[in-house]
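Read the structure below first, then the notes.
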Amino acid sequence: MTGKISGIFGEIITQVLIYALGLAGCYYAAPYIGGVSDSFNKFKPMIDQVVGNLLSWSLLFTVLALVLFIIFAAFCGALTAKSENANKAVSPLTTVGIVGFLIAINLQSAGDPIWAKILSYVPFLSSFIMPMRVLKGNATGFEAGISAVAALLAIVISFMWIRRIYPKLILQTDDLGPWQNFKRGLLN
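According to the numbering used here, the sequence shown is numbered sequentially starting from 4.
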């Protein structure tokens with residue numbers, strides 16, 4: 004399991020680094036390219052603001068959520084004996100992601116309700132809600148740091164727990180369904 008998760012995360016990091024290097028090259032080369040330099044200089048303040056927003060709490064929470072979702076996706080995949088049933092096993096994880104996204108969209112027009120404050124510390128939902136609260140000025144950097152630490156603790160604890168039961172889950176060959184396989188993996 005550790006190899007699978009490390010490989011997937013390594014692939015993602017490689018892709019992000021390729022894009023980051025490409026964008027950095029374009030950013031630093033644009034002032035020297037004829038025909039592009041005028042537009043670049045005109046929109047440079049806006050471009051700098053976008054780059055600054057990319058390198059903020061949103062990036063940290065995106066990485067934390069990505070790791071957490073990868074760990075649980077591997078766990079959900081281990082619950083099925085057939086690859087065609089993987090979508091059924093991952094559907095609760097997909098639902099959590101959709102709910103977090105919808106809550107974040109709702110926060111754009113809402114103030115700072117108490118439910119948003121509470122949910123911004125829940126690891127699966129914090130990656131959607133806390134950056135929105137910080138962006139709107141409803142949360143401080145300290146609050147975002149606490150939420151990030153809570154997400155990091157959830158990653159470490161869930162990784163250790165899932166890594167312990169993963170071999171029992173992955174070696175099952177009968178297709179009892181995800182829930183039955185999970186219960187049997189815990190008992191063995």
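Backbone N, C-alpha and C define an ideal beta-carbon position, used for all residues, glycine too.
None of these values were measured; they are calculated from a predicted model.
If I'm right that residue i touches residue j with Cβ under 8 Å, what's the distance once you round it to whole angstroms?
i: Val-99; j: Phe-127; result: 5 Å
i: Leu-20; j: Ala-154; result: With 8 Å as the limit, Leu-20 and Ala-154 do not qualify as a contact, their Cβ atoms being about 22 Å apart.
i: Ile-165; j: Phe-78; result: 5 Å
Take the Cβ of residue i as the centre, count every other Cβ of all protein chains shown within 10 Å, and call the residue buried at 16 or more, exposed below.
i: Phe-162; result: buried
i: Ile-108; result: exposed
i: Ser-150; result: buried
i: Leu-110; result: buried
i: Gly-103; result: buried
i: Ala-142; result: buried
i: Thr-83; result: buried
i: Pro-134; result: buried
In angstroms, rounded to a whole number, what distance separates the CA positions of residue i and residue j?
i: Leu-26; j: Ala-32; result: 10 Å
i: Ala-147; j: Val-125; result: 12 Å
i: Gly-144; j: Ser-86; result: 42 Å
i: Thr-97; j: Ile-50; result: 33 Å
i: Leu-138; j: Asp-115; result: 12 Å
Are residue i and residue j closer than 8 Å when you measure CB to CB?
i: Phe-72; j: Ser-129; result: no
i: Val-70; j: Ile-16; result: no
i: Ile-132; j: Ile-101; result: no
i: Ala-92; j: Leu-172; result: no
i: Pro-34; j: Phe-43; result: yes
i: Ile-74; j: Ile-117; result: no
Does any residue of chain C have a CB that is nearer than 8 Å to the CB of residue i?
i: Lys-139; result: Structure shown: chain C not included; a single protein chain is present.
### Task
Taking 8 Å as the threshold, find out whether the segment 41-61 comes into contact with the segment 103-123 through three or more Cβ pairs.
no
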